[in-house]
Amino acid sequence: RSRILVSIGESFGTSDKFQKINEMVSSSDWSLKRSFDQGSTPKPLKRL
Amino acid sequence: AQECQNLEVERQRRLERIKQKQSQLQELILQQIAFKKLVQRNRQVEQQTKRPPPPNSVIHLPFIIVNTSKKTVIDCSISNDKFEYLFNFDNMFEIHDDIEVLKRMGMACGLEVGKCSPEDLKIARSLVPKALEPYVTEMAQGSISNVYISGV
Amino acid sequence: RYKSLQKEVSDLGEAEEKLDELISKSNLQLKLLTEDPQNKKLGYVMCQDLRSTVNPPEQIVMVVRAPPETQMQVSDPSEGYQISLKSSRGPIDVFLCPED
Chain A
-16 RSRILVSIGE SFGTSDKFQK INEMVSSSDW SLKRSFDQGS TPKPLKRL
Chain B
903 AQECQNLEVE RQRRLERIKQ KQSQLQELIL QQIAFKKLVQ RNRQVEQQTK RPPPPNSVIH
963 LPFIIVNTSK KTVIDCSISN DKFEYLFNFD NMFEIHDDIE VLKRMGMACG LEVGKCSPED
1023 LKIARSLVPK ALEPYVTEMA QGSISNVYIS GV
Chain C
835 RYKSLQKEVS DLGEAEEKLD ELISKSNLQL KLLTEDPQNK KLGYVMCQDL RSTVNPPEQI
895 VMVVRAPPET QMQVSDPSEG YQISLKSSRG PIDVFLCPED
């Protein structure tokens, strides 16, 4: 599955490098899915 | 006919590259104008108030912002040395970098959307070197599209 | 037709060279601009500036200030909305923008 890696910490770079990330996040219906199958306990959050 | 065909392909290729480079130059011009305008604004405010703002109320560049709904639950894990963070959200979020924030603050004089008033255009042209002025004028009416912009 | 194509391709070549020159000059100007100590000091925004750029304004706004080359990874939302930050050149600063 896709995951997006970007480098941050520098001033000004390529224009709108977060556009792809925002599109990926907003296009998903993960929160909707979770609200539907409310019964299933949410997956344990990954820890550092 | 074959040589015309080859030249046609080469012409198309150069037009594509010029289009990509024009949008790269456009972004650089926007960043230059936005940063200069931000510095100008802060300098004016500090001169009016005769002092710099409290240190904990300013956010220096570079930065990024992550914004999400107020209802979102954010689970955050941090390593002891603060070199690593892990955030888990239970809702969508958006990420924007500093230049995107400056554009939304109006620091790019509306050039990023091709809507620039005559006064703003005058300010924007004054913030770039002479060689870039024709590009700023083009950007004020939309994006740079003319392939042969006569430089100054 | 061959002659006119030849002329147009050569003109495009010149236009492209001019663009290359302007891009490298603009990159240099931007670098000098952002590295100037005086500009570094004045290159800041206020919390209310950030608030004015999000819609609706009463959202949670988290600010991340990281050293150069910090890696940010955003996982595929099907695994959950997750962002990880990993720095190799210093601590990362994260704080929430106050609402008022």
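Protein chains in written order, with our numbering: chain A, -16 to 31; chain B, 903 to 1054; chain C, 835 to 934. Even glycine gets a Cβ: it sits at the ideal position worked out from N, Cα and C. Bear in mind the structure is a predicted one, so any value in this text is a computation, not a measurement.
Beta carbon of F995/B nearer than 8 angstroms to that of V8/A: Here residue 995/B refers to the residue found at position 93 when the second sequence is read from its first residue. Here residue 8/A refers to the residue found at position 25 when the first sequence is read from its first residue. Yes; because the gap between Cβ atoms is below 8 angstroms, this pair is in contact.
Indicate the three-state DSSP secondary structure (helix, strand or coil) for D870/C in the structure shown. By one-based count along the third sequence, residue 870/C stands at place 36. Three-state DSSP puts D870/C in coil, outside helix and strand.
Is the segment 959 to 976 of chain B touching the segment 839 to 850 of chain C in the sense that three or more CB pairs, one from each, lie closer than 8 angstroms? Short answer: they don't touch.
Kindly list the residues whose CB is nearer than 6 angstroms to the CB of Y987/B, restricted to its own chain and excluding five residues on each side of it in sequence; keep chain order. Walking along the second sequence from the start, residue 987/B turns up at place 85. Leaving aside the five residues that flank Y987/B on each side, the residues in its chain whose CB is nearer than 6 angstroms to its CB run, in chain order, I980.
Residue range of the alpha helix (DSSP H) that S(-10)/A falls in? Here the question's residue -10/A lines up with position 7 in the first sequence. Counting along the chain, S(-10)/A falls outside any alpha helix (DSSP H), though it belongs to the beta strand (DSSP E) covering I(-13) to I(-9).
What residue from L930/C, Q916/C, V928/C and Q893/C has the CA that sits closest to S971/B's CA? Taking the second sequence and counting its residues from 1, one reaches residue 971/B at position 69. Nearest option by C-alpha distance: Q893/C.
6 angstroms CB neighbourhood of G22/A in its chain, flanking five on each side removed: As a working note, residue 22/A is residue 39 in the first sequence. At G22/A, the pLDDT of 49 sits below 50, so the modelled position is not reliable and the matter cannot be decided from this model.
Inspect the CB distances between the segment 918 to 932 of chain C and the segment 999 to 1007 of chain B and report whether three or more fall short of 8 angstroms. Proximity of the segment 918 to 932 of chain C to the segment 999 to 1007 of chain B falls short of the contact definition, fewer than three beta-carbon pairs being nearer than 8 angstroms.
Determine the DSSP secondary structure at Y836/C, reduced to helix, strand or coil. Locating residue 836/C in the third sequence gives position 2, where the first residue counts as 1. Looking at Y836/C - three-state DSSP - the assignment turns out to be helix.
Going by other Cβ atoms of all chains shown within 10 Å of its Cβ, with 16 needed for buried, is T951/B buried or exposed? Translated into the one-based positions of the second sequence, residue 951/B becomes position 49. With fewer than 16 other beta carbons inside 10 angstroms of its own, T951/B counts as exposed.
List the residues of chain B whose Cβ lies closer than 8 angstroms to the Cβ of D854/C, in chain order. In the third sequence, residue 854/C corresponds to position 20, counting from 1. Residues of chain B passing the Cβ test: K923.
DSSP three-state call for I926/C: helix, strand or coil? Working through the third sequence from its first residue, we reach residue 926/C at position 92. Residue state, collapsed to three classes: coil.
Applying the 10 Å Cβ sphere with the 16-neighbour rule, what's the burial state of N908/B? One-based indexing of the second sequence puts residue 908/B at position 6. Classification for N908/B: exposed.
So what does DSSP say about C1011/B, is it helix, strand or coil? As a first step, residue 1011/B is located in the second sequence; it is residue number 109 there, counting from the start. Reduced to three states, the DSSP call for C1011/B is coil.
Closer than 8 angstroms, CB to CB, is C931/C near chain A or not? Taking the third sequence and counting its residues from 1, the one referred to as residue 931/C is at position 97. Chain A contact via Cβ: absent.
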